[in-house]
Amino acid sequence: MKPTLFLLPSTALAASYQLVKNYCPSTLYLTIYNNGSTTGPFELPSGQAYINPIAGTGNTATLSHSADIFSNQVAKLILGTSVSDDILYWSVNNASGDPFAGEQWDVTSDGTTANVCGNATRYGPAVFACQDNAVTLTLSAC
1 MKPTLFLLPS
11 TALAASYQLV
21 KNYCPSTLYL
31 TIYNNGSTTG
41 PFELPSGQAY
51 INPIAGTGNT
61 ATLSHSADIF
71 SNQVAKLILG
81 TSVSDDILYW
91 SVNNASGDPF
101 AGEQWDVTSD
111 GTTANVCGNA
121 TRYGPAVFAC
131 QDNAVTLTLS
141 AC
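By the UniProt record's numbering, the letter at position 61 of the sequence shown is numbered 61, and the numbering carries on one by one without gaps.
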């Protein structure tokens, strides 16, 4: 038996995730775009969290105070992620204004060690990169 047969299942199980936590006093609205399909917008009540696997390229978790998240007039935070050649890339940006003006938010990373893939407390232009090895990117709002 080849050792690579044992490594393939382990690698496949080492998926990375986006974890979105709502610490705001009110409901937020979340839309997930992952691997070509869109989920949402759906309500993320105060005190709740949502976890989503990162698969392939062009993934986003878009967070807003408004259910009309697709409107150009609605401010939104966008956590973008992509995996290519076993490297996880991520960035955080805003569109149509700052949905958390006057409120705190951050993105942290955990995996084999704390802060394995950087952290952010403000919008772009930084793009972070690390080995795609069971990293959890946590977006904490408010």
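By construction, the Cβ of each residue, glycine as well, lies at the ideal position given by its N, Cα and C atoms.
Query raised in the report: What beta strand (DSSP E) runs, 3 residues minimum, are completely inside the region 45-127?
Result: 49-53, 59-64, 76-84, 87-95, 105-110
Report task. Could you have a look at S16 and say whether DSSP puts it in helix, strand or coil? Result -> Translated into the one-based positions of the sequence shown, residue 16 becomes position 16. Looking at S16 - three-state DSSP - the assignment turns out to be coil, as it is neither helix nor strand.
Report task. For Q18, count neighbouring Cβ atoms within 10 angstroms of its own Cβ and tell me buried if that reaches 16, exposed if not. Result -> Reading the sequence shown from its first residue, position 18 is the one you call residue 18. Its Cβ being crowded by 16 or more others within 10 Å, Q18 is buried.
Report task. Count the other CB atoms, across all protein chains shown, that sit within 10 Å of the CB of G124; report buried if there are 16 or more and exposed otherwise. Result -> Numbered from 1 along the sequence shown, position 124 holds the residue referred to as residue 124. G124 should be labelled exposed.
Query raised in the report: Is the beta carbon of W90 sitting closer than 8 Å to the one on F42?
Result: Residue mapping note: residue 90 aligns to position 90 of the sequence shown, counting from 1. Residue mapping note: residue 42 aligns to position 42 of the sequence shown, counting from 1. Against a cut-off of 8 Å, the Cβ pair of F42 and W90 comes out as no contact.
Requested in this report: Determine the direct distance from the alpha carbon of I78 to that of T27, and round the result to whole angstroms.
Outcome: Position 27 of the sequence shown, counted from the start, is the residue given in the question as residue 27. Position 78 of the sequence shown, counted from the start, is the residue given in the question as residue 78. Looking at the two C-alpha atoms, the distance is approximately 17 Å.
Query raised in the report: Measuring CB to CB, does V107 end up less than 8 Å from V92?
Result: Stepping through the sequence shown from its first residue, residue 107 is reached at position 107. Stepping through the sequence shown from its first residue, residue 92 is reached at position 92. The answer is yes: Cβ separation under 8 Å.
Requested in this report: Could you tell me if P45 is buried or exposed, where buried requires 16 or more neighbouring beta carbons within 10 angstroms of its beta carbon?
Outcome: What you label residue 45 is simply residue 45 of the sequence shown in a count that begins at 1. Label assigned to P45: exposed.
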